[in-house]
Amino acid sequence: TVMDTRTATAELGWISFPANGWEEVSGYDENLNTIRTYQVCNVFEPSQNNWLLTTYVDRRAAQRIYVEIRFTVRDCASIPSVLGSCKETFNLYYLETDRSMSDGIKGVEYWANAPFLKVDTIAADESFSQVDFGGRLMKVNTEVRSFGPLSKGRGFYLAFQDLGACMSLLAVRVFYKKCPSVVQNFAFFPETLTGAESTSLVIARGSCIQNAEEVDVPIKLYCNGDGEWMVPIGSCSCKSGYEPDNGNVCRACPQGTFKSSQGAGVCQQCPLNSRSTIEAATLCGCRNGYYRGDMDKPEDMCTSVPSAPRNLVSVVNQTSVLLEWHTPRDTGHREDLSYNILCRRCHSNERRACQPCDDSVLFLPGKRALKDNTVEISKLRAHTSYTFDIQAVNGVSNKSPYPAQQLSINITTNQAAPSVVPIMHQVSSTSRSFSLSWPPPEQPNGIILDYEIRYYDKVRHEVNETCLFFETPNVILEGLRPGTGYAVQVRARTVAGFGSYSKEMLFQTLTDDEYKSELGQQLSLIAGSLVGGVCIVSIVAIAIICSRRQYKESVYGDKLQQYNTGGEVTMRPDMFNGPTPTVTFPTLSEGHSSPGVKIYIDPYTYEDPNEAVHEFAKEIESSCVKIEEVIGSGEFGEVYKGRLKPLGKKEILVAIKTLKVGYSERQRRDFLAEASIMGQFDQPNIIRLEGVVTKSRPTMIITEFMENGALDSFLRQNDGQFPVIQLVGMLRGIASGMRYLAEMSYVHRDLAARNILVNSNLVCKVSDFGLSRYLEDEDTSDPTYTSSLGGKIPVRWTAPEAIAYRKFTSASDVWSYGIVTWEVMSYGERPYWDMSNQDVINAIEQDFRLPAPMDCPVVLHQLMLDCWQKDRNARPKFHDIVSMLDKMIRNPASLKAGTNNIGLGPPHHPLLDRGAPDLSRVSSVEDWLTALKMSQYRDSFLLSGFNSLPLVTQITADIGLKQTSSIAIVCR
């Protein structure tokens, strides 16, 4: 209410005009209460126009005003002798303004011209007569009118106009409507005025009460024109740790109770083995020795770790053991009990002499998270002591600061049959026989007593098998059919019995025509040895050790597996400087360090990665580095061309990798890890690290600058512009760098032409040592790298065992090198073209291999095929590859398309000048070698199965004239 005259007893002070119009008088209402009223009754005079103006009314920001008027009107019919025009109505007006009017504003001119707005003409529902039943009877009318919208001033005046009525204004009440403040749905809504129209809805925004949080937003109510709330939208609810109280208050949970989530729920008592010592607890903490698992709910009880398993027993069967145990007495009140198996191989009874078991040990059904109380462990070593620990774990074992409870047992394996023979090699072949050899099993598990060979005719699909026994790892199978493929298997025997057969391998005899042709060549060679002397025999001896078996084409050519003799020996030209050549055979294995060669250290083994950076990389002052232009972008930031001016040294061009702004600590660690890797390498075909900048921003890795960029794009830009020997020289540089990495026991994992950089002299250098990031991080979007077993792998360049089992070794790098060779010879063509990565995997599994690129020499494609052997042990080592490429470079004729002979040249050797030895008394291979002064090769001949002179002729048949000529030039 902004004005109310119902209880006023003092003068109201309203303005009236003319003076004989409205008159303020005191009177009584119907309840005989004293009131102040205005009345007018000039009905006997014509042309009445009487105005009454209220005092100024402050509207208090209301947009719509309501006026309640209580009045009485005399019935015109009850007034006798009315001369004028009698009325029973009056008019209501209002005037908006910012300031009150002066009391002196009066006069006809003002009233006639004032900008009043009419609200309504008000008529009485009831009128009264002067006399009724002997006395005066008042009939009071009450009318309510509203007006708006108000917006032009702070307040307003009301005006009443009488045009000739006999009436009294008993009371006037002026008010506006509002919706009161309210708490609804745990939200407070402030007092809100109604809108400008009676039908308006005014939005009121609410706010959550104390200790409540929003559930749905926005939170609002609508205030209608009658001052009533309606249409609630959104709500709040008591937050975790608080419960509702009478719907208007969120009360804190008392001690010993908790409420874990927001909502209408009430506080609960703490679960078993937990407590809360504060009010408004959202979670009850576990008591000492009790924990909650990662997947447990707040209302779940706290549980403990299990005790150790019980009653562990073992059953040893040769190199297998079956372990069984009973469930722990105390499972920690949980149902997610499982077991872990820890295996250690021991050299003595002391635990300190034990070491973790090899990866080859097989656990069935597994060794982690076992649900059953039994496990079978196989592929152990014979006559070896093992310790097995059975750990009982549950969902809170990882929360306990103490190690899991476990039960241990010591066992010793028995003697066992040998493991499988890994591979067989065909040494020679005739039309009726072929000679085979094989390496001993990787795990002989004792002394090999003999070998059993079984074979059958694969061409005629005969199922009858022939079994033979031999004490040495070689055999000559005779009485075979010409031009026929035979399936052959071998197994070894110890005192413990036979091992399993090797996988079935297919070998081919020569046709009669092929054998006659080869026999003629053999006779020529034998005659040459009798006339020429020692050199041809030397060639044969070297060929036994150095040469690789060549296979004949047959109807099974697409199915025959090609096997290498393995254990290839490299003969270096610098070994033949003296007048009498002396052949030595290096025994260094790929992947093992020779004297003076460092072993690579993984920077991720450092607790602080910065320590590895400071140990392997030189810190460079940022003032010595000048960035010139962007040449690319890397995973972590931009790559720039720039200049490095070390103090006191000549300025050089460099490549600068930068770490982008906003990096995480992990990104910085991975970024600098590549520098820690490169800093350990020092070889002409490995990208050289100049240093790092870590003490200022941006963080930088600085390497030598390679003018021609990545090898793949460089080749595509220069398609067909290089001679083959130039390409082989580039391949030789890559192989040399990889040989260095293999000797350091470093596996690159991402060898590809895109990761080989080329300088202005066409020297190729291996770079990009960061694939470990792809194997750990799933976020990369590079389509070259495809997910496999939880990591990212460059499928087109990766060996099958690395894709399937993530078995990365130098042998898998050799596979990748074969792909690089194909990229180089095809001038940057994409391997496997537009085949999908999955199609590539399927094709390789089905023995598909990339064909030779256009104009590619046969020897280079054969090198690729050797690198792509499915058996990784059959692939050449990097030092073998370097040696092969050196031979090609020394003999460019071997690189002509369509040739497959390395080192062609005149069959001349200084030994030929010594004259022929006396072979008249030769009756055995040993006599023959002694006569030729080559007795140092006796063991090599006998171990290879050549223990008779007729077999020597089979060697020459397999090697062929072309290959013996190539060996002759190597000797020379």
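Going by the UniProt record's numbering, the residue at position 152 of the sequence shown is 152; the numbering climbs one at a time, nothing skipped. Ideal Cβ placement from N, Cα and C applies to all residues, glycine included. These figures come from a predicted structure and were not determined experimentally.
**Prompt:** What runs of the beta strand (DSSP E), each 3 residues or longer, lie entirely inside the region 296-338?
**Reply:** Note on the region 296-338: whole beta strand (DSSP E) runs with a minimum of 3 residues are 310-317, 320-326, in chain order.
**Request:** Over the uninterrupted beta strand (DSSP E) stretch that includes Thr-445, give me the two end residues.
**Result:** Within the sequence shown, numbered from 1, the residue matching residue 445 stands at position 445. Just to set this straight, residue 445 is Asn in the shown sequence, not Thr. It is not in any beta strand (DSSP E) - Asn-445 carries neither H nor E in the DSSP assignment.
**Asked** Among Cys-76, Tyr-94, Val-654, Cys-764, which residue has its Cα nearest to the Cα of Leu-53?
**Response** Your numbering for residue 53 matches position 53 in the sequence shown. If you compare the alpha carbons of Cys-76, Tyr-94, Val-654, Cys-764 with that of Leu-53, the shortest gap goes to Tyr-94.
**Under the three-state DSSP convention, the category Ala-8 falls into** = By 1-based counting over the sequence shown, the position of residue 8 is 8. Ala-8 falls in the coil class under three-state DSSP.
**Item:** Close Cβ partners of Thr-303 (< 7 Å) along its chain, the five nearest in sequence each way excluded
**Value:** Walking along the sequence shown from the start, residue 303 turns up at place 303. Once the five neighbours on either side are set aside, the close Cβ partners of Thr-303 are Tyr-290, Tyr-291, Gly-332, His-333, Arg-334, Val-396.
**Item:** Residues sharing a beta bridge with Lys-626, DSSP
**Value:** Taking the sequence shown and counting its residues from 1, the one referred to as residue 626 is at position 626. Secondary-structure assignment with DSSP links Lys-626 through a beta bridge to Arg-643.
**Prompt:** Identify the residues that DSSP records as bridge partners of Ala-492: which are they?
**Reply:** Translated into positions along the sequence shown, residue 492 becomes position 492. Per DSSP, Tyr-451.
**Item:** Boundaries of the beta strand (DSSP E) in which Ala-392 is found, first to last residue
**Value:** Against the sequence shown, residue 392 aligns to sequence position 392. Counting along the chain, the beta strand (DSSP E) containing Ala-392 begins and ends at 385-393.
**Message:** For Gln-489, which residues in the same chain have their Cβ closer than 8 Å to its Cβ, ignoring the five residues on either side in sequence?
**Reply:** Start at 1 with the first residue of the sequence shown, and residue 489 comes out as number 489. These residues qualify, in order along the chain: Ile-453, Arg-454, Tyr-455, Tyr-501, Ser-502, Lys-503, Glu-504, Met-505.
**Residue environment, Thr-699, which counts as buried when at least 16 other CB atoms sit within 10 Å** = Residue 699 sits at position 699 when you count from the first residue of the sequence shown. So Thr-699 ends up on the buried side.
**Request:** List the residues that DSSP assigns as beta-bridge partners of Thr-466.
**Result:** On the sequence shown, position 466 is the one that residue 466 refers to. Paired residues: Tyr-455.
**Message:** Using 7 Å as the threshold, is the C-beta distance between Glu-191 and Ser-181 below it?
**Reply:** As a first step, residue 191 is located in the sequence shown; it is residue number 191 there, counting from the start. As a first step, residue 181 is located in the sequence shown; it is residue number 181 there, counting from the start. In contact: Glu-191 and Ser-181 (Cβ atoms closer than 7 Å).
**Asked** Which one of Ile-35, Lys-657, Phe-941, Ile-725 has the shortest CA to CA distance from Cys-856?
**Response** Counting from 1 along the sequence shown, the entry for residue 856 is found at position 856. Considering only alpha carbons, the answer is Ile-725.
**Asked** What's the C-alpha gap between Leu-659 and Tyr-600?
**Response** If you number the sequence shown from 1, residue 659 lands on position 659. If you number the sequence shown from 1, residue 600 lands on position 600. Taking the straight line joining both Cα atoms gives about 25 Å.
**Item:** Local Cβ density within 10 Å of Val-693, reported as buried at 16 or more and exposed below that
**Value:** Position 693 of the sequence shown, counted from the first residue, corresponds to residue 693. The residue in question, Val-693, is buried, as its Cβ has 16 or more Cβ neighbours within 10 Å.
**Request:** Would you be able to state if there are at least three C-beta pairs under 8 Å between the region 469-480 and the region 418-436?
**Result:** Result yes; three or more Cβ-Cβ pairs closer than 8 Å.
**Request:** Take Asn-761 as the anchor and find which of Asp-813, Lys-458, Leu-727 has the nearest alpha-carbon.
**Result:** Here residue 761 refers to the residue found at position 761 of the sequence shown. Looking from the CA of Asn-761, the closest CA among Asp-813, Lys-458, Leu-727 belongs to Leu-727.
**Per DSSP, the bridge partner or partners of Pro-652** = Here residue 652 corresponds to residue number 652 of the sequence shown, with the count starting at 1. Rather than Pro, the amino acid found at residue 652 in this sequence is Ile. Note: Ile-652 sits in a beta bridge opposite Leu-644.
**Asked** How many angstroms separate the CA atom of Val-140 from the CA atom of Arg-70?
**Response** Within the sequence shown, the letter at position 140 stands for residue 140. Within the sequence shown, the letter at position 70 stands for residue 70. The straight-line gap from Cα to Cα measures roughly 7 Å.
**Asked** Of the choices Thr-798, Asp-834, Ile-627, Leu-731, whose alpha-carbon is the least far from that of Phe-878?
**Response** For this step, residue 878 is matched to residue 878 along the sequence shown. Minimum Cα distance to Phe-878 is reached at Leu-731.
**Item:** Neighbourhood of Ala-735 by C-beta, 8 Å cutoff - its chain only, sequence neighbours within 5 removed
**Value:** Here the question's residue 735 lines up with position 735 in the sequence shown. Within the same chain, Ala-735 has close Cβ partners Tyr-817, Phe-878, Ile-881, Val-882, Leu-885.
**Asked** Does the count of Cβ pairs from the region 154-172 and the region 6-25 closer than 8 Å reach three?
**Response** Yes, the region 154-172 is in contact with the region 6-25.
**Within 7 Å, strictly: CB atoms of Ala-308 and Ser-338** = Mapped onto the sequence shown, residue 308 falls at position 308. Mapped onto the sequence shown, residue 338 falls at position 338. Judged by their CB atoms, Ala-308 and Ser-338 are not nearer to each other than the 7 Å cut-off.
**Message:** Quick check: what's the CA-CA separation for Gly-591 versus Leu-272?
**Reply:** On the sequence shown, residue 591 is found 591 positions in, with the first residue counted as 1. On the sequence shown, residue 272 is found 272 positions in, with the first residue counted as 1. Its pLDDT being 37, under 50, Gly-591 is placed unreliably in this model, and the value from its coordinates should be taken loosely. Going by the C-alpha atoms only, they are around 58 Å apart.
**Request:** Express the C-alpha separation of Asn-759 and Ile-652 in angstroms, rounding to a whole number.
**Result:** Along the sequence shown, read from residue 1 onward, the residue named residue 652 stands at position 652. Along the sequence shown, read from residue 1 onward, the residue named residue 759 stands at position 759. Taking C-alpha positions only, Ile-652 is separated from Asn-759 by approximately 14 Å.
**Prompt:** Could you give the distance in angstroms between the alpha-carbon of Ser-267 and the alpha-carbon of Pro-218?
**Reply:** Here residue 267 corresponds to residue number 267 of the sequence shown, with the count starting at 1. Here residue 218 corresponds to residue number 218 of the sequence shown, with the count starting at 1. The identity of residue 267 in the sequence shown is Cys, whereas the question assumes Ser. Going from the Cα of Cys-267 to the Cα of Pro-218 covers about 27 Å.
**Request:** Out of Cys-223, Gly-265, Ala-280, Gln-269, state which residue places its alpha-carbon closest to the alpha-carbon of Asn-211.
**Result:** Counted from its first residue, the sequence shown places residue 211 at position 211. Out of Cys-223, Gly-265, Ala-280, Gln-269, the CA that lies nearest to the CA of Asn-211 is found in Ala-280.
**Prompt:** Should Tyr-606 and Gln-683 be called a contact, given that it needs their Cβ atoms to be closer than 7 Å?
**Reply:** Taking the first residue of the sequence shown as 1, we reach residue 606 at position 606. Taking the first residue of the sequence shown as 1, we reach residue 683 at position 683. In this structure, the beta-carbon distance from Tyr-606 to Gln-683 does not fall below 7 Å.
**Prompt:** Tell me which same chain residues have a C-beta within less than 8 Å of the C-beta of Pro-365, skipping the five on either side of it?
**Reply:** On the sequence shown, position 365 is the one that residue 365 refers to. Correct list, in chain order: Asp-372, Val-375.
**Item:** Contacting residues, own chain, Cβ-Cβ under 7 Å from Gly-790 (five flanking each side not counted)
**Value:** Within the sequence shown, numbered from 1, the residue matching residue 790 stands at position 790. Note that Gly-790 has pLDDT 46, beneath the 50 cutoff, so the model's placement of it is unreliable and the number below is only indicative. Closer than 7 Å at the Cβ level, and outside the excluded window around Gly-790, lies no residue.
**Message:** According to DSSP, Glu-143 sits in a beta bridge with which residue or residues?
**Reply:** The sequence position of residue 143 within the sequence shown is 143, counting from 1. In DSSP, Glu-143 forms a bridge with Ile-69.
**Asked** Considering only the beta carbon of each residue, do Leu-283 and Pro-298 sit closer than 7 Å?
**Response** In the sequence shown, counting from the first residue as 1, residue 283 sits at position 283. In the sequence shown, counting from the first residue as 1, residue 298 sits at position 298. Contact flag set, yes.
**Beta-carbon contacts of Cys-86 that lie in its chain and below 8 Å, excluding the five residues immediately before and after** = As a working mapping, residue 86 is identified with position 86 in the sequence shown. So the qualifying residues of the chain are Val-43, Cys-76, Ile-79, Gly-164, Ala-165, Cys-166.
**Request:** Give me the Cα-Cα distance between Leu-380 and Arg-491, rounded to the nearest whole angstrom.
**Result:** Sequence index remark: in the sequence shown, residue 380 carries index 380 (1-based). Sequence index remark: in the sequence shown, residue 491 carries index 491 (1-based). Leu-380 and Arg-491: Cα-Cα distance of roughly 19 Å.
**Item:** Rounded straight-line distance, which links the Cα of Ala-252 to that of residue 981
**Value:** Outside the displayed span of the chain (1 to 972) sits residue 981, for which this structure offers no information.
**Request:** Entirely within the region 836-907 and at least 4 residues each: give me those alpha helix (DSSP H) ranges in chain order.
**Result:** Every alpha helix (DSSP H) stretch that sits fully inside the region 836-907 and reaches 4 residues is listed by chain position as 837-845, 858-867, 878-890.
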